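Enquirer:
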Amino acid sequence: MMLNIRKVASMLLFLSVHTKGSSGADSGAWQTPVAAVQPLVGPPFEGHSAQANPMRPKTKYSPFSLTFHRDSGNTRAEDYPGPLGRNIQVSSAANIAPLGLMWDDGRLTTGAVYNETTDCIVALDPETFDIKAKWTGPTDKGTQISAVFFAYSSFYQGRFVTAAVGPRIIEIERTDINNQTSLELVADRDLSDAIGNSTQIFNTGYDGDGNLWFTTGALGFPDEFGEPGDSSATSTSITIGYISPSGTIRKFELLHTAVENTIAISGSVVYVVTGPAGESDHVGAVGHLYALEACSEGNGIKILFKEEYDAGDSRKPGGTARGSGSSPGLLGDEYISITDNANGQINALFFKQAKNPSSGSNLVCKVPLFTANASSTDNAVGGYFNGETYSIIATNMYNGPEPISIWNASITADSPSQKVEIPAPGIARVDFDPRDGSCKTVWEVDVRATGIPILSTASGIVYQYAQDHEMALTGSYVWYLSAIDYRTGELLYRVRVGAGGLYNNNYSGLFLGPDGAIYAYVTGGVVKIYDGVV
């Protein structure tokens with residue numbers, strides 16, 4: 023469904039929006055707001071407030087872990103309520119830029135960039151965002167962390183688990199006793215003897231049997247879209263493996279292959295999307311979706327399935343991934359979805375999840391996304407099961423700008439990269455119906471964004487953060503949060519968050535808190551959007 027709220031006069035309601043440098047109590051990190059380096063132009067609020075329309079809770083996956091994409095299934099969904107557009111408030115904090123907020127039993131932990139320069143793992147006060155504890159490293163072994171890998175980390179059993187620089191994985195344990203919080207290094211793993219000293223760990227995550235899985239590989243960030251043989255991977259081979267609870271390392275290597283997305287985990291099964299690299303990067307290339315499981319035979323890794331997808335001829339304009347741009351999204355307990363990188367127009371692909379080893383294809387449906395010759399995505403599509411059908415929410419990122427450095431954000435505030443030029447909409451809900459095996463685009467909304475949306479099952483709303491397209495054409499970079507009805511695709515409202523480069527979300531995702539607020543990483547810090555007292 024295509025909507026333009028500027029043209030629906032009966033739905034427009036221009037309300038005051040309170041933009042504050044504090045959160046309710048006028049305290050903590052919110053007292054130092056992100057600077058608006060451009061004038062605040064455009065309407066502060068468009069649309070109308072909404073009623074909560076609760077949905078079936080999201081599927082929970084084992085083992086329980088908190089991740090950048092909210093859980094080990096990469097669902098991009100939360101059972102928390104979201105803002106309904108009632109006396110809506112906007113706050114921001116400039117000193118801390120968190121890359122993935124992880125709430126656990128009232129505690130908030132994250133990897134972040136502090137004061138634009140310092141990579142750190144922090145425990146935050148969930149209300150004031152003051153830092154309760156901070157860990158920066160390096161370790162006694164010289165292991166250093168990098169914010170680049172925080173999007174591929176997890177919070178598991180009270181520990182922040184992340185790749186570090188090189189072939190290393192660290193775990194930082196959080197302890198809260200007598201109103202005192204500490205972050206302590208409990209594991210510093212150097213895998214160089216097993217996978218080589220020149221490799222880079224990328225993904226990490228625990229399965230249900232206590233195995234710590236990892237992949238090597240990383241993204242490059244090209245200036246322009248690629249030619250065949252010009253994959254974005256920084257190496258042309260990858261290693262996939264795990265560390266068993268006893269400390270044994272099991273692994274296998276894939277040549278001419280790249281890993282460019284996060285992994286998904288459900289129980290003992292791990293899903294990894296690979297793309298072409300090296301000799302495999304050519305016209306008409308293919309990539310693969312692997313389902314893997316630990317075993318006691320051979321190299322200790324069982325391939326449950328290896329599904330092929332169309333990787334096309336090259337990266338799309340503005341793209342960073344040579345193959346699929348999406349992390350695998352688990353859909354309930356039965357299906358999984360990714361996008362391909364087909365020439366002209368990418369497709370959403372739906373597969374059966376792996377229950378047992380399979381030699382036949384597990385592909386159950388395929389449907390084109392967005393507009394021909396203007397179709398691409400470079401972020402997670404999530405996954406949701408409403409009891410009957412399975413849904414993903416995809417964002418078109420065709421011709422998006424280059425990612426901006428996550429450090430020294432103030433220097434890039436006026437960079438040309440701040441202009442988000444996406445020529446075609448938008449954000450789309452795509453469903454697979456197992457009753458008849460069909461899949462289709464249910465709705466499509468003209469919100470042009472580079473970030474990753476999030477679904478509130480308690481409110482029935484999909485939220486997306488985006489730059490106003492029309493104002494950007496005139497050089498005004500004004501950022502809005504849009505609220506979209508999950509069921510109908512109606513654009514309920516949008517609220518102005520800020521202006522200028524420091525409010526750029528830089529391909530990051532949105533986060534829902536247990537307080538009912540939306541949080542967004544921006545290059546200048548973090549913003550919070552929430553309903554005020556009516």
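The sequence shown begins at 23 in this note's numbering and counts up one residue at a time.
The beta carbon of each residue, even a glycine, is placed where N, CA and C say it ideally should be.
All figures in this text were calculated on a predicted structure; none of them were measured in a lab.
For my contact list, Ala376 and Leu391 are in at a C-beta cut-off of 8 Å; report their separation, rounded to the angstrom.
Expert: Contact flag wrong, Cβ pair sits at about 24 Å.
Enquirer: Can you confirm whether the region 94 to 103 touches the region 487 to 506 when touching is taken to mean that 3 or more C-beta pairs between the two stretches lie within less than 8 Å?
Expert: No, the region 487 to 506 is not in contact with the region 94 to 103.
Enquirer: Please state the DSSP three-state secondary structure of Glu249.
Expert: Unreliable positioning characterises Glu249 in this predicted model, as indicated by a pLDDT of 44, which lies under 50. A coordinate reading is not provided.
Enquirer: Give every residue of the same chain whose Cβ lies closer than 8 Å to the Cβ of Gln78, excluding the five residues on either side of it in the sequence, and list them in chain order.
Expert: Checking the displayed sequence, the identity of residue 78 turns out to be Arg instead of Gln. Cβ neighbours of Arg78 beyond the five flanking positions: Phe407, Asn408, Gly409 and Thr479.
Enquirer: Quick check on the DSSP output: what are the complete beta strand (DSSP E) runs of length 3 or more inside the region 139 to 220, in order along the chain?
Expert: 140 to 146, 153 to 157, 176 to 178, 181 to 186, 190 to 199 and 202 to 212
Enquirer: One question on the structure: do Gly107 and Ser84 come within less than 9 Å of each other, judged by their Cβ atoms?
Expert: no
Enquirer: Rounded to whole angstroms, what's the CA-CA distance from Asn421 to Asn283? Just pull it up for me.
Expert: 19 Å
Enquirer: Taking the beta strand (DSSP E) that Ala521 falls in, what are its first and last residues?
Expert: Looking at the DSSP string, the run of the beta strand (DSSP E) that includes Ala521 is Leu513 to Ala521.
Enquirer: With DSSP as the reference, identify every bridge partner of Met124, one or two as the case may be.
Expert: Looking at the DSSP assignment, Met124 forms a beta bridge with Thr131.
Enquirer: Kindly indicate which three-state DSSP category Pro536 falls into: helix, strand or coil?
Expert: coil
Enquirer: Return the chain-ordered list of same chain residues with a C-beta closer than 7 Å to the C-beta of Gly322, the five sequence neighbours on each side being excluded.
Expert: Arg272 and Ala316
Enquirer: Go to Glu492, then tell me how far its alpha helix (DSSP H) extends in each direction, as first and last residue.
Expert: His491 to Ala494
Enquirer: Report the partner residues of Ile368 according to the DSSP bridge assignment.
Expert: The partner list for Ile368 (beta bridge, DSSP) is empty, contrary to what the question assumes.
Enquirer: With H, G and I counted as helix, E and B as strand and the rest as coil, what does DSSP make of Thr434?
Expert: helix
Enquirer: Roughly how many angstroms separate the alpha carbons of Ala431 and Thr221, rounded to a whole number?
Expert: Between Ala431 and Thr221, the alpha-carbon positions lie close to 28 Å from each other.
Enquirer: What does the alpha-carbon distance come out to for the pair Arg190 and Trp235?
Expert: 12 Å
Enquirer: Just to confirm, is the Cβ distance from Ala145 to Ser481 under 9 Å?
Expert: no
Enquirer: Here's the rule: buried if 16 or more other CB atoms are within 10 angstroms of the residue's CB, otherwise exposed. What is Thr261?
Expert: It is buried - the Cβ of Thr261 has at least 16 other Cβ atoms within 10 Å.
Enquirer: To which residues of the same chain is Ala521 closer than 6 Å at the C-beta, ignoring the five residues directly before and after it?
Expert: Ala58, Gln60, Leu62 and Val500
Enquirer: Using three-state DSSP, classify Gly50 as helix, strand or coil.
Expert: helix
Enquirer: In the structure shown, what three-state DSSP assignment does Glu301 receive?
Expert: helix
Enquirer: Expressed to the nearest angstrom, what Euclidean distance is found between the alpha-carbon atoms of Gly546 and Thr89?
Expert: 22 Å
Enquirer: Exposed or buried, what is Lys80 when buried is set at 16 or more other beta-carbons lying within 10 Å of its beta-carbon?
Expert: buried
Enquirer: Look up Leu34 in the DSSP assignment and say whether it is helix, strand or coil.
Expert: Below a pLDDT of 50, predicted positions are generally treated as unreliable, and Leu34, at 31, falls in that range; no measurement from the model is reported.
Enquirer: Measure the C-alpha to C-alpha separation of Leu514 and Asn418 and round it to an integer number of angstroms.
Expert: Whole-angstrom Cα-Cα distance: 20 Å.
Enquirer: Please look up how many angstroms separate the CB atoms of Ile167 and Asp126, rounded, as I've assumed it's under 8 Å.
Expert: Going by Cβ atoms, the distance from Ile167 to Asp126 rounds to 20 Å, so no, they are not a contact pair.
Enquirer: In this structure, how does DSSP classify Tyr412 when only helix, strand and coil are distinguished?
Expert: Taken through DSSP and simplified to helix, strand or coil, Tyr412 comes out as strand.
Enquirer: As a quick exercise: from Leu130, Asp101, Asn137 and Met124, pick the residue whose alpha carbon is nearest that of Ile118.
Expert: Asn137
Enquirer: What is the DSSP secondary structure of Gln486, counted as helix, strand or coil?
Expert: strand
Enquirer: Between the Cα of Tyr412 and the Cα atoms of Ala286, Gln367, Asp355 and Gly306, which residue gives the shortest distance?
Expert: Asp355
Enquirer: With a threshold of 8 Å, are at least 3 pairs of Cβ atoms found where one atom belongs to the region 383 to 400 and the other to the region 329 to 347?
Expert: yes
Enquirer: Under 8 Å by Cβ, that's how I've got Ser288 and Phe327 pegged, so tell me the actual separation to the nearest angstrom.
Expert: Between Phe327 and Ser288 the Cβ distance is about 14 Å, and since that is not below 8 Å, they are no contact.
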